[in-house]
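Q: I have a structure here, written as structure tokens, and I will follow up with some questions on it.
Numbering (our numbering), first residue to last: 60 to 185.
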């Protein structure tokens with residue numbers, strides 16, 4: 060029995076190259092989300108609600124009552140300090156098992172805090 064030639068349809072798909080997020084990019088993202096994002100979303104929520112009691116952290120609430128610029132300065136300074144420490148201790152952090160998951164978890168938590176602050180502000184504005 061003669062064999063019939065089989066025709067094969069070959070489709071070339073584009074290749075997608077995914078690179079891992081570098082340590083410095085993760086640290087920068089943490090500083091941005093926890094410093095700038097959290098501070099600005101807290102100010103947004105305060106401006107739109109005009110209610111200091113919605114701030115969960117009593118220290119931040121006290122700073123907001125005194126002068127919101129102190130809260131901004133504190134959050135920026137803490138985030139920047141943490142970023143510098145993380146960059147300086149990179150060799151130690153990268154030896155910890157699951158360090159990337161830990162940093163992504165902190166980034167996700169910070170994003171959730173920012174989104175919650177924005178939600179509170181927008182819900183009050185509507």
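Note that beta-carbon positions come from the ideal geometry of N, C-alpha and C, so glycine has one too.
Given a cut-off of 7 Å on the beta-carbon distance, is the pair residue 86 and residue 168 in contact?
A: In this structure, residue 168 does not lie closer than 7 Å to residue 86 by Cβ.
Q: Decide if the region 96-105 is in contact with the region 139-159; the criterion is three or more beta carbon pairs, one per stretch, under 8 Å apart.
A: Result no; under three Cβ-Cβ pairs closer than 8 Å.
Q: Given residue 111, which residues of its chain have a CB within under 8 Å of its CB, disregarding the five upstream and five downstream residues?
A: These residues qualify, in order along the chain: 105, 120, 123, 124.
Q: Rank 74, 95, 113 by C-alpha distance to the C-alpha of residue 180 and give the top, closest one.
A: Answer by Cα proximity: 113.
Q: Assuming residue 88 contacts residue 166 (C-beta within less than 8 Å), just tell me the rounded distance between them.
A: That pair is a contact at about 5 Å.
Q: Are residue 138 and residue 96 closer than 7 Å when you measure CB to CB?
A: No, Cβ-Cβ distance for residue 138 and residue 96 is not below 7 Å.
Q: Please tell me whether residue 182 and residue 134 are closer than 7 Å, where the distance is taken between their beta carbons.
A: No, Cβ-Cβ distance for residue 182 and residue 134 is not below 7 Å.
Q: Please return the same chain residues whose Cβ sits closer than 8 Å to the Cβ of residue 131, not counting the five positions on each side in sequence.
A: Within the same chain, residue 131 has close Cβ partners 98, 102.
Q: Below 7 Å CB to CB, which residues in the same chain sit around residue 80 once its five sequence neighbours on both sides are set aside?
A: Excluding positions up to five away in sequence, the list is empty.
Q: Alpha carbon to alpha carbon, how far is residue 118 from residue 127? Give it in angstroms, no decimals.
A: C-alpha separation (whole angstroms): 12 Å.
Q: Pick helix, strand or coil for residue 114, following the three-state DSSP scheme.
A: Three-state result, residue 114: coil.
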